[in-house]
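Here is the structure we will look at.
Residue numbers (UniProt numbering): 1 to 547.
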C-alpha cells in the first residue's frame with residue numbers, strides 16, 4: 001500500500017468512526033430507532049468499501065479481508081474485559097439460572113439443532129452455488145465448525161432498547177446471556193477444531209467433545225479468577241501505585257491482558273478468562289484504587305471498548321466488498337462463491353433452533369419451579385428469543401479462521417464464509433431496525449407490573465437451598481475474602497458498604513448509558529458524587545482530630 005492510499009484509507013475510516021460515534025449519540029438523544037448504531041456502522045463501512053473499490057479498482061482487495069488475529073487478540077479481549085468490569089453483579093447472580101439456562105445450555109442445544117438440520121441440507125443437495133447449477137456437500141467438520149460459529153449471537157440492539165431502570169431483570173438476562181454465549185460459542189469452536197481430523201466412532205468423538213468442552217470452560221474460568229485475585233492482592237500491598245491514576249489504569253490492563261494471553265498459551269479460552277478477571281477485579285480490586293481511579297477505570301475500559309466495537313462493525317461493512325472479486329496473477333477477476341439457498345435455509349434454521357431451544361429449556365424450568373416461581377413472562381421470553389437471532393462480529397471472526405486445506409474444499413469454505421458474512425449483515429441491519437418495534441409490542445404495562453412484582457418478591461421466590469448458598473458465600477465474603485483482598489478493609493468496612501449501597505441505587509435508578517457496546521451496561525459513577533463522598537470522609541477525620 002502506498003503512502004497516499006494508506007492516508008486515504010486511514011482518514012476515511014477515522015472519519016467514519018467519528019460519524020458513527022456522533023450519530024449514535026444523536027440517535028439516542030432524539031430517540032431515533034429506525035436504524036441501530038451497529039447497523040449504521042456496517043452501512044458506513046459498505047459505503048467506504050464502495051469508494052475504495054471505485055478509486056483503486058480492486059488493487060486494495062486485501063484491506064477487505066477481516067483479520068481474525070487482530071480481532072481475537074486485540075479487539076475482543078478489550079470488549080469482553082469491559083463487559084466483566086462493568087457487569088451488574090447483583091442482577092447477574094439474581095438471574096444466574098436464566099442467564100446460564102439460555103447462554104450455556106441454550107447455546108449447546110442450539111448448536112446440536114443447527115448441526116442436525118445443516119446435515120439434512122447438505123445431504124439433500126440444497127447448497128447450490130449462485131450463478132451455476134453446481135451443488136456442494138459439506139464435510140462433518142465443516143458443518144460442526146459452521147454451526148459453532150453461527151451460535152454466537154449479538155444482542156446489542158436489544159440492550160440499547162431495553163431500559164435497565166424499567167426492566168432490570170429482562171436487561172440482566174439478555175445482557176448476561178450475550179456474555180456467556182460469546183464465551184460458549186468460542187469454546188465450542190475450539191473444541192470442534194481440536195477434534196478435527198479424528199476418525200474414531202461417533203460415541204468416542206462425542207465423549208471427547210464433551211470432555212474438552214468442560215475442561216476448556218472450567219480451566220479458563222479458574223485462570224481468570226486467579227488473575228483477578230492476583231490483581232486485588234497486588235493493589236492491596238503495593239499502595240504507592242494508587243498515587244498515579246495513569247499507573248493504576250496501565251496495571252489493570254496489563255493484568256487483564258495477562259489473563260487472556262496465559263489462557264491462549266495453554267490452549268484455553270482467553271475470552272472466558274478475561275471476563276472472569278474483569279468481574280472479580282470490579283468486585284474486590286476497585287476498592288483498592290484511589291477515588292479518582294475508581295471512576296477513571298470505568299471510563300477508560302468503556303471508552304476503549306466503544307472504539308473497538310465501532311471499528312469491528314465498520315470493518316464488517318468493508319468486508320462486504322470482498323465479494324467484488326480481485327485480479328489474480330493471470331489478470332482474471334475471481335469472486336468468492338456464495339449460495340443464496342444455503343443462506344435462506346440457515347436463517348430459517350437459526351430462527352427455528354433458537355425457538356426450540358428456548359421453548360424446551362423454559363418449559364423444563366417452568367415445570368420444575370412452577371408458575372409462581374418462574375420469573376419470566378411470555379412477552380419477555382419473546383424478546384429474549386428475538387434478541388438472540390442477531391449474529392454479530394464474533395460469528396464472522398470465528399469463521400474467518402476456517403482455512404482451505406486442499407483445492408477440493410475451496411468452494412465449500414468460500415460458501416460458508418460468505419453465508420456467515422451475509423447472515424451477520426442481514427440480521428444486524430434488518431432485525432436490529434425491527435428490534436424497537438418488537439420490544440414496544442411486547443413490553444406492555446402488564447409486563448412492567450409483573451416484572452416489578454417479581455423483583456419485589458425475589459427473595460420469597462428463591463428456594464431455601466438457593467438462599468442458603470447465598471448466605472454461606474456472603475458469610476465467607478464478608479469475613480474472609482474481603483479481608484484478604486481489600487486494603488484496610490477492617491477500618492474501611494462502613495465506607496465500602498456505603499459505596500456498595502450507593503452503587504446499587506445508581507444501577508437501579510440511573511443505569512442508562514447511551515453507549516453502543518453490548519458490554520457497557522454498568523452505570524459509571526458520577527465524579528461529583530465521588531468528590532462529595534471523599535469530602536465528607538475527610539471532614540469526619542478533621543472533626544475527630546479537632547476534638
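For each residue, glycine too, the CB sits at the ideal point set by N, CA and C.
Note that the structure is predicted; figures quoted are calculated from it, not measured.
Item to complete: Quick one: residues in its chain with C-beta nearer than 7 Å to the C-beta of residue 397, no 5 flanking neighbours on either side, listed in chain order?
Response: Excluding positions up to five away in sequence, the list reads 66, 68, 71 and 72.
Worksheet item: Cβ atoms of residue 252 and residue 297: under 8 Å apart, would you say?
Response: Contact: yes.
Item to complete: Could you have a look at residue 440 and say whether DSSP puts it in helix, strand or coil?
Response: In this structure, residue 440 counts as helix in the three-state DSSP scheme.
Fill in: For residue 134, three-class secondary structure by DSSP
In this structure, DSSP gives residue 134 a state outside helix and strand, which the three-state scheme calls coil.
Worksheet item: Near residue 209, which residues of its chain fall below 8 Å by C-beta distance, leaving aside the five closest residues on each side in sequence?
Response: Taking C-beta separations shorter than 8 Å and ignoring five residues to either side along the sequence, the partners of residue 209 in its chain run 191, 192 and 195, following chain order.
Worksheet item: When burial is assigned at 16 or more other CB atoms within 10 Å of the CB, is residue 143 buried or exposed?
Response: Buried, by the Cβ-count rule.
Fill in: Sequence-distant residues of the same chain with beta carbon closer than 6 Å to residue 374, five excluded per side
Taken in chain order, the residues that qualify are 366.
Item to complete: Report the rounded CA-to-CA distance for residue 139 versus residue 214, giving the unit in angstroms.
Response: Our two residues, residue 139 and residue 214, have alpha carbons roughly 25 Å apart in a direct line.
Worksheet entry | Best match in 156, 381, 308 and 417 for proximity to residue 18 [C-alpha to C-alpha] | Checked all of 156, 381, 308 and 417; the closest Cα to residue 18 is 308.
Worksheet item: Within this structure, are the beta carbons of residue 159 and residue 174 separated by less than 8 Å?
Response: Using a Cβ distance threshold of 8 Å, residue 159 and residue 174 count as a contacting pair.
Discussion item. Let's test the definition: count the other Cβ atoms within 10 Å of the Cβ of residue 14 and tell me whether it reaches 16, buried, or not, exposed.
Written reply: Residue 14 comes out exposed.
Fill in: Close Cβ partners of residue 263 (< 7 Å) along its chain, the five nearest in sequence each way excluded
So the qualifying residues of the chain are 220, 223, 269, 270 and 273.
Worksheet item: Cβ of residue 113 within 8 Å of Cβ of residue 356?
Response: Taking the C-beta atoms as reference points, residue 356 is found nearer than 8 Å to residue 113.
Worksheet item: By Cβ distance below 7 Å, which residues in the same chain neighbour residue 390 in space, the five residues on each side in sequence not counted?
Response: Within the same chain, residue 390 has close Cβ partners 153, 154, 155, 157, 427, 428, 431 and 432.
Discussion item. With a threshold of 8 Å on Cβ separation, who are the neighbours of residue 127 within its own chain once the five nearest residues in sequence on each side are excluded?
Written reply: In its chain, beyond the 5 residues on either side, 121, 135, 136, 137, 138, 339, 341, 342 and 415 have a beta carbon closer than 8 Å to the beta carbon of residue 127.
Discussion item. Just to confirm before moving on: does the CB-CB distance between residue 361 and residue 106 stay below 8 Å?
Written reply: In this structure, residue 106 lies closer than 8 Å to residue 361 by Cβ.
Worksheet item: How many Å lie between residue 288 and residue 346 at the Cα?
Response: Each residue's alpha carbon lies about 49 Å from the other.
Fill in: Between the CA atoms of residue 100 and residue 211 - distance to the nearest angstrom
Cα to Cα, residue 211 sits roughly 19 Å from residue 100.
Worksheet item: Got a sec? Which residues, its chain only, sit under 8 Å from residue 123 by beta carbon, not counting five neighbours each side?
Response: 137.
Practice prompt. Indicate the three-state DSSP secondary structure (helix, strand or coil) for residue 166 in the structure shown.
Written response: Residue 166 carries a coil assignment under DSSP once its states are collapsed to helix, strand and coil.
Item to complete: For the alpha helix (DSSP H) containing residue 320, list its first residue and its last residue.
Response: Per DSSP, residue 320 lies in no alpha helix (DSSP H) segment and is marked neither H nor E.
Practice prompt. Starting from residue 379, follow the alpha helix (DSSP H) in both directions and report where the run begins and ends.
Written response: Note, residue 379: alpha helix (DSSP H), 378 to 387.
Item to complete: If I'm right that residue 279 touches residue 84 with Cβ under 8 Å, what's the distance once you round it to whole angstroms?
Response: Residue 279 to residue 84, Cβ: 4 Å. Contact.
Worksheet item: Whole-angstrom Cβ separation of residue 149 and residue 395, contact assumed at under 8 Å?
Response: Their Cβ separation, rounded to whole angstroms, is 5 Å, which keeps residue 149 and residue 395 in contact under 8 Å.
Discussion item. Rounding to the nearest angstrom, what Cα-Cα distance links residue 476 and residue 181 in this structure?
Written reply: Straight-line spacing of the CA atoms in residue 476 and residue 181 works out to 30 Å.
Item to complete: My understanding is that residue 87 touches residue 282, with C-beta atoms under 8 Å, so please give their C-beta distance in whole angstroms.
Response: Contact holds; Cβ gap of about 7 Å.
Item to complete: Would you mind working out which of 478, 258 and 285 sits nearest residue 232, comparing C-alpha positions?
Response: For the residues 478, 258 and 285, the minimum Cα distance to residue 232 belongs to 285.
Discussion item. To test your reading of the DSSP string, which unbroken alpha helix (DSSP H) runs of 4 or more residues are found completely within the segment 84 to 131?
Written reply: Counting only runs of 4 or more, we get 89 to 94, 96 to 100 and 106 to 123.
Worksheet item: Taking the alpha helix (DSSP H) that residue 368 falls in, what are its first and last residues?
Response: Segment 340 to 369, the alpha helix (DSSP H) holding residue 368.
Item to complete: Name, in chain order, the residues that DSSP records as bridge partners for residue 391.
Response: Partner(s): 153.
Worksheet entry | Contact under 8 Å by Cβ, residue 49 with residue 392 | Not in contact: residue 49 and residue 392 (Cβ atoms no closer than 8 Å).
Worksheet item: In angstroms, rounded to a whole number, what distance separates the CA positions of residue 410 and residue 129?
Response: Inter-residue distance for residue 410 and residue 129 is about 12 Å (C-alpha atoms, whole angstroms).
Item to complete: Please report the Cβ distance between residue 41 and residue 439, rounded to the nearest whole angstrom; I am assuming they are in contact, meaning their Cβ atoms lie under 8 Å.
Response: In this structure residue 41 does not touch residue 439 by the C-beta definition: roughly 21 Å separates them, more than the 8 Å allowed.
Discussion item. If you reduce the DSSP assignment to three classes, tell me which class residue 77 lands in.
Written reply: Three-state result, residue 77: helix.
Discussion item. For residue 28 and residue 436, what's the separation of their Cα atoms in angstroms?
Written reply: Approximately 12 Å, taken between the alpha carbons.
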